[in-house]
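Under our numbering, the first residue of the sequence shown carries the number 3, and numbering increases by one thereafter. Input: a single structure, listed below in structure tokens.
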Amino acid sequence: DISIVVLIYHSVLHEFTKIQSYIDSQSCEVDPDQIVFITLPPLSNPPDPSDPAFFGTIVQLQNPLVKKAVLDRQSKPAAFVLDLMNVSMIDIANELHIPSYIFFTAGANLLYTMLHFQAVADEQGTEDIIGLMGDPDNELELSGFRNPVPTKVWPWVFLDKDSVWPSLILNIARRFREAKGILVNSFMELEPSIIQALQNQVNVPTIYPVGPILSLQNRGDSKPSNNTISLFG
3 DISIVVLIYH
13 SVLHEFTKIQ
23 SYIDSQSCEV
33 DPDQIVFITL
43 PPLSNPPDPS
53 DPAFFGTIVQ
63 LQNPLVKKAV
73 LDRQSKPAAF
83 VLDLMNVSMI
93 DIANELHIPS
103 YIFFTAGANL
113 LYTMLHFQAV
123 ADEQGTEDII
133 GLMGDPDNEL
143 ELSGFRNPVP
153 TKVWPWVFLD
163 KDSVWPSLIL
173 NIARRFREAK
183 GILVNSFMEL
193 EPSIIQALQN
203 QVNVPTIYPV
213 GPILSLQNRG
223 DSKPSNNTIS
233 LFG
């Protein structure tokens, strides 16, 4: 039998009573022997949300709480499955001799873009790649993409050299390469060339297309007029 333990941060950004209410509602809908939700204790000294390094800092501060929660369990986990913002917890998994996997909730095209951005930045320098991509007239030839990709359509977080985001993305992508595998919210029929390009790279972990993972809950006050599903990349 497979059991899943979901570790949840005690949020400092949102009213946690609402988050806890949602967690409780989900807990009532699953078998407690198969899925368990554990809310970590609040941080004693949380970082300032206005600090540019807030997201990286708050994850680092959660690491000891995560390690304790894992060690308090009666059985050793078979694997860690980590959100992309929690890649620093690969260190905990390695320390406990547990394999770690990344759950990438976006599609394979964004995953490929992040890894390509990181590889080129490490080879040519971060400033050079940001300068190249910052020119809206440039187009990049990317393996797996049928047509050249105009730099003007790239997400702004890759290009804002005055923010912490480019360096944060680079660090996340580097840590991705240390995982045993990456679960991607996509499927071969949707992104065949991109997924194949990822699987063909030597220094990329095993890619597992596990999508589409969608929330199809109906609103209580309305009925769907058709069976259309919109996919956003």
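Where a beta carbon is used, it is the ideal one built from N, C-alpha and C, also for glycine.
Using the C-alpha atoms, what's the distance from R148 back to V83? A direct Cα-Cα distance of roughly 31 Å separates V83 from R148.
Could you name the residues of the same chain whose beta carbon sits closer than 7 Å to that of R176, not counting the 5 residues immediately before and after it, in chain order? Around R176, the same chain offers Q120 as residues with beta carbons nearer than 7 Å, after the five sequence neighbours per side are excluded.
DSSP-derived helix/strand/coil call for F119: Shown here, F119 sits in a helix according to DSSP, grouped into three states.
Run through the stretch 131 to 214 for me and flag every whole alpha helix (DSSP H) of 4 or more residues, listed as ranges in chain order. Runs found: 167 to 178, 194 to 202.
Compare the beta carbon distance of L98 and V61 with 8 Å and say whether it is the shorter of the two. At a Cβ-Cβ threshold of 8 Å, L98 and V61 do not count as neighbours.
Have a look at I40, H118, L142 and flag the residue whose alpha-carbon is nearest the alpha-carbon of V204. Ranked by how close their Cα comes to the Cα of V204, the residues I40, H118, L142 have H118 in first place.
State the DSSP-derived secondary structure class of Q36, mapped to helix, strand or coil. Coil.
Residue range of the beta strand (DSSP E) that includes V8: Its beta strand (DSSP E) spans residues 6 to 10.
Looking only at its own chain, which residues have a Cβ that is under 6 Å from the Cβ of N187, when we skip the five neighbours before and after it? Cβ neighbours of N187 beyond the five flanking positions: T107, G213, I215.
If we call anything under 8 Å between Cβ atoms a contact, is R2 one with V159? The chain is shown from 3 up to 235; residue 2 falls before or after that span and cannot be answered.
Which of the three DSSP states, helix, strand or coil, is assigned to I25? Helix, per DSSP.
Could you have a look at T59 and say whether DSSP puts it in helix, strand or coil? In this structure, DSSP gives T59 a helical state, which the three-state scheme calls helix.
Could you tell me which of Y210, K69, R179 sits nearest to E193, measuring between CA atoms? Nearest C-alpha to E193: Y210.
Can you tell me whether DSSP reads D53 as helix, strand or coil? Of the three classes helix, strand and coil, the one that applies to D53 here is coil, per DSSP.
Nearest to A80 (by Cα), restricted to the options N96, L45, L142, E141: Across the set N96, L45, L142, E141, the C-alpha of N96 shows the shortest separation from the C-alpha of A80.
Between E143, V166, E191, P207, which lies nearest to D53 when the distance is taken from Cα to Cα? For the options E143, V166, E191, P207, the alpha carbon positioned closest to that of D53 is the one of V166.
Is the CB-CB distance between S145 and A199 below 8 Å? Cβ atoms of S145 and A199: closer than 8 Å.
Report the residue from H12, I25, D164 whose alpha carbon sits nearest the alpha carbon of P48. Of H12, I25, D164, the residue nearest in Cα terms is H12.
With a threshold of 16 other CB atoms inside 10 Å of the CB of I10, please say whether the residue is buried or exposed. Its Cβ having fewer than 16 others within 10 Å, I10 is exposed.
Closer than 8 Å, CB to CB, is P44 near chain B or not? Of the protein chains in the structure, only one exists, and it is not chain B.
For K154, which residues from the same chain have a beta carbon less than 6 Å from its beta carbon, with the 5 sequence-adjacent residues on both sides left out? P138.
By the DSSP assignment, the beta strand (DSSP E) with I104 in it spans what residues? That run of the beta strand (DSSP E) goes 102 to 106.
Alpha carbon to alpha carbon, how far is D93 from S195? One C-alpha to the other measures close to 32 Å.
Report all residues from its chain with a CB closer than 8 Å to the CB of I131; omit the five preceding and five following residues, and keep chain order. Result list for I131: F119, V122, A123, in chain order.
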